[in-house]
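Per this note's numbering, the sequence shown runs over residues 2 to 185.
Built from N, CA and C at the ideal position, the CB exists for glycine as well.
What follows is one structure encoded as structure tokens, with my remarks underneath.
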Amino acid sequence: MQIIKPIEYLEITSNMYPIFLAWPIAGAWWWQEVATKYIEEKTKNISSQIVIIDPSRYIINWKSEKKLTPWYEYRFSRQREWERFYLDNTANNWWTILFWLPTQKNIIPNNPDWTQKKSYASTTRQELWTAMIRYPESVVVWIDEKFPERSIIEDDLKFYTNNPDFPIYSSLEKVIEIIISKIR
């Protein structure tokens, strides 16, 4: 299994199975390692063909410290260009885009002057709707049971896809099972 992070470039070939992880990077728990290990464990016979595309520039080491990888204008001038490149390439080849909408963890630092600059998960929600319009067959949605406005997003997904049974999952294990079934 390969994992690529922003600034890294990998030519995706037809024998690979890319999975793009999309979630609100600011304010969510670091689930990527858990998901990646679970996917690898469940796909031992084909894990060498799986490519996890992780837009987080944070690397978590064994001491649970976060390290931000530097941004270089090597191929993409902004991280958004990198994300769009891999979202488009993943979806255009009928692979998987996993959207996760978790509840926000408490991230407000002990700074009275700090304010949240935008609504929680606003970019992720916009990316979800864009993906649903452009490549609905590639999207797998996981929404935490306690996510604010979950019922509104569920209703909209079912309405705008014209599918009253549009699947929305509530656990990492279930969503990984679905992704693995798409691969095999």
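Query raised in the report: Any idea if residue 134 is buried or exposed, counting beta-carbon neighbours within 10 angstroms, 16 or more meaning buried?
Result: If you number the sequence shown from 1, residue 134 lands on position 133. By the 10 Å Cβ count, residue 134 comes out exposed.
**Report entry** Span separating the alpha-carbon of residue 173 from that of residue 150
**Finding:** Indexing the sequence shown from 1 puts residue 173 at position 172. Indexing the sequence shown from 1 puts residue 150 at position 149. Taking the straight line joining both Cα atoms gives about 19 angstroms.
Query - Spatial neighbours of residue 39 in its chain, beta-carbon cut-off 8 angstroms, leaving aside the 5 residues before and after - result: In the sequence shown, the residue the question calls residue 39 occupies position 38. The answer, listed in chain order, is 173, 174, 177.
Query raised in the report: Apart from the five residues just before and just after residue 17, which ones in its own chain have a Cβ nearer than 6 angstroms to its Cβ?
Result: Within the sequence shown, the letter at position 16 stands for residue 17. Result list for residue 17: 50, 52, in chain order.
**Report entry** Contact check, residue 36 vs residue 100, beta carbons under 9 angstroms
**Finding:** On the sequence shown, position 35 is the one that residue 36 refers to. On the sequence shown, position 99 is the one that residue 100 refers to. In this structure, residue 100 does not lie closer than 9 angstroms to residue 36 by Cβ.
Query raised in the report: Apart from the five residues just before and just after residue 3, which ones in its own chain have a Cβ nearer than 6 angstroms to its Cβ?
Result: By one-based count along the sequence shown, residue 3 stands at place 2. The residues are 52.
Query raised in the report: Are there 16 or more other CB atoms within 10 angstroms of the CB of residue 15, so buried, or fewer, so exposed?
Result: Locating residue 15 in the sequence shown gives position 14, where the first residue counts as 1. Counting Cβ neighbours within 10 Å, residue 15 comes out exposed, since fewer than 16 surround it.
Query raised in the report: When the Cα atoms are used, what is the spatial distance from residue 120 to residue 27?
Result: By 1-based counting over the sequence shown, the position of residue 120 is 119. By 1-based counting over the sequence shown, the position of residue 27 is 26. Approximately 11 angstroms, taken between the alpha carbons.
Report task. Verify whether the separation of the beta carbon atoms of residue 132 and residue 98 is less than 9 angstroms. Result -> Translated into the one-based positions of the sequence shown, residue 132 becomes position 131. Translated into the one-based positions of the sequence shown, residue 98 becomes position 97. Yes, the Cβ-Cβ distance between residue 132 and residue 98 is below 9 angstroms.
Report task. May I ask which residues mark the beginning and end of the alpha helix (DSSP H) holding residue 36? Result -> The residue you call residue 36 lines up with position 35 of the sequence shown. First-last of the alpha helix (DSSP H) with residue 36: 33-43.
**Report entry** Cβ neighbour criterion (16 or more within 10 Å) applied to residue 1
**Finding:** Because the chain here runs from 2 to 185, residue 1 falls outside it and cannot be looked at.
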